[in-house]
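Line by line, the protein sequences are chains A and B.
The first sequence maps to residues 0 to 185 in numbering that gives the first Met the number 0.
The second sequence maps to residues 0 to 185 in numbering that gives the first Met the number 0.
Each remark here refers to the structure printed beneath this line.
2 protein chains.
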Amino acid sequence: MENKEKLLNAALSLFDEKGYQGVGIQEICNAVGVSKPTMYHYFGSKLGLLDSIFKTNLTEDIKYLEREASYNGDFVNSIQKLTFALSECTSKNPVLYHLLFSYILSSKKNEDSEVAQKYLNKIYEITLNLFIKSKEQNGNMNNRESQFTYSYLAVVVDYLNRHGMDENKEQGLYGLLHQFQFGINS
Amino acid sequence: MENKEKLLNAALSLFDEKGYQGVGIQEICNAVGVSKPTMYHYFGSKLGLLDSIFKTNLTEDIKYLEREASYNGDFVNSIQKLTFALSECTSKNPVLYHLLFSYILSSKKNEDSEVAQKYLNKIYEITLNLFIKSKEQNGNMNNRESQFTYSYLAVVVDYLNRHGMDENKEQGLYGLLHQFQFGINS
DNA sequence: AAAACAATATACCAGTCGGTATATTACTTG
DNA sequence: CAAGTAATATACCGACTGGTATATTGTTTT
């Protein structure tokens, strides 16, 4: 593995463990065994490093999620596909999604927050789009698609974050989706 | 207002805006117009300052939430009381709860995260207790109280965080609770 | 072969970090 | 009135911050 990839991996782990602001560039470089100018050569700045972490890891995932979340006429089936696609992504790269999702409730005015929100918004839009498309054909959501999107993501993200790489994740997800559709009284 | 309270208020605003790690002690003291030894005289350390912020603001709130969330034989009524109690607390001190809730998905190994988790756990326990007590008398939760607690808090916290001081917050909360009980298909 | 370039290191920059030693003032307690 | 204490400021500490000027090496392009 080349220094560029080593830096991306070490920075991801450290950012997730201690937070973006809690990690120094020197610390990242020490973990890899290179000097600071090497990091600046590849990424330009600390913020550029964070953005590269998200870009290199998420670009394909977002395309995949877009494909899986396209409404196919069956809302339950579509939301299931999106949910398991999200689950698969987090299983493949749990640390990345743990870092990304940690920014959901922050909304700080830090530069790192703004970078993360950029990618979080894409996931939000993909989900919202599914609810909107579904409404166009079923028309029973009473303009609550936005709230449904927030609730859905809040529950699913919380679950995925808590069950990182568990084996039985899928079983719990079926329960979660059932609960989302029919409530806890069933 | 005395310097101690000024420091607590300034630190709360700055921590929420930029994150604990993103704010220096000097910055907080400048905002108040005192010197660093004054801050250290009252709080001992930066972490002590954060803990004081939570302790002074949350101690009474937690007692209030405990009272409101005590199961009274009617689960729907109990969960409503807890929900509106949470809503009232966040309305009274939106910045504090915005800061506190921002730690939910983080679970970093930072010292500030550990302090925040201490208080978040109390809210979690209050909520879980309501679900458990409710089960003892209704017995229809199939050991899913823990998951219900997480889902409930995820949805409600997300909502409260997003609607900070909105006037029509209560109306949306009724919808949210209905959705939690009966799902989105109703 | 010469010039350009990519990748790297050493050594440095001013600024800030959390925290403290010391001194001063004012108030309280004996 | 004397001693202690609470509250504050100035000035400092070593360590670290993000970032860079400069130099060196090896490869690629002309």
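By construction, the Cβ of each residue, glycine as well, lies at the ideal position given by its N, Cα and C atoms.
Since the model is a prediction, treat every value here as computed from it, not as a measurement.
- Under the three-state reduction of DSSP, A:R161 is assigned to helix.
- Within chain B, the residues whose beta carbon sits less than 7 Å from that of A:Q180 are G182, I183, N184, listed in sequence order.
- Uninterrupted beta strand (DSSP E) stretches at least 3 residues long and entirely within the segment 54-81 of chain B do not occur.
- CA-to-CA, the gap between B:P36 and B:D50 works out to about 18 Å.
- At a cut-off of 7 Å between beta-carbon atoms, B:V154 makes contact with chain A.
- Comparing C-alpha distances from A:I61 to each of A:L85, A:Y70, A:H40 shows the shortest one belongs to A:L85.
- Contact annotation: the segment 123-138 of chain B touches the segment 66-76 of chain B, with at least three C-beta pairs closer than 8 Å.
- The three-state reading of DSSP puts B:I103 in coil, since its state is none of H, G, I, E or B.
- The continuous alpha helix (DSSP H) containing A:V31 extends over residues 24-31.
- In the three-state DSSP reduction, A:E110 falls in the helix class (H, G or I).
- Around the beta carbon of A:E144, 16 or more other beta carbons lie within 10 angstroms, which makes this residue buried.
- Within chain B, not a single residue places a beta-carbon under 7 Å from that of A:N120; the smallest gap is close to 14 Å.
- Note that the segment 159-167 of chain A does not touch the segment 157-177 of chain B; fewer than 3 beta-carbon pairs, one per stretch, sit closer than 8 Å.
- Contact between the segment 16-27 of chain A and the segment 15-35 of chain B is present: 3 or more CB-CB pairs across the two stretches fall below 8 Å.
- As the crow flies, the alpha-carbon of B:L98 is around 8 Å from that of B:L11.
- The three-state secondary structure of B:I122, taken from DSSP, is helix.
- A:Q178 and B:F179 have their alpha carbons spaced roughly 8 Å apart.
- Chain A places no beta carbon closer than 7 Å to that of B:K91, leaving this residue out of the contacts.
- Residue burial is scored here from C-beta neighbours: A:K91 has fewer than 16 other C-beta atoms within 10 angstroms and is therefore classed as exposed.
- Annotation for B:Y96: T89 place their beta carbon closer than 6 Å to its own, counting only its chain and skipping 5 residues before and after.
- Judged by beta-carbon spacing, A:L48 lies beyond the 7 Å limit of A:V31, meaning their Cβ atoms are not closer than that value.
- Against chain B, a Cβ distance below 8 Å from A:K17 picks out K107, K108, N109.
- Secondary structure note for A:E169: its alpha helix (DSSP H) is the uninterrupted segment 168-181.
- DSSP places A:N142 outside any alpha helix (DSSP H), giving it a letter other than H or E.
- Identification of chain B residues near A:I131 by a Cβ-Cβ cut-off of 8 Å yields none; the smallest Cβ-Cβ distance measures about 14 Å.
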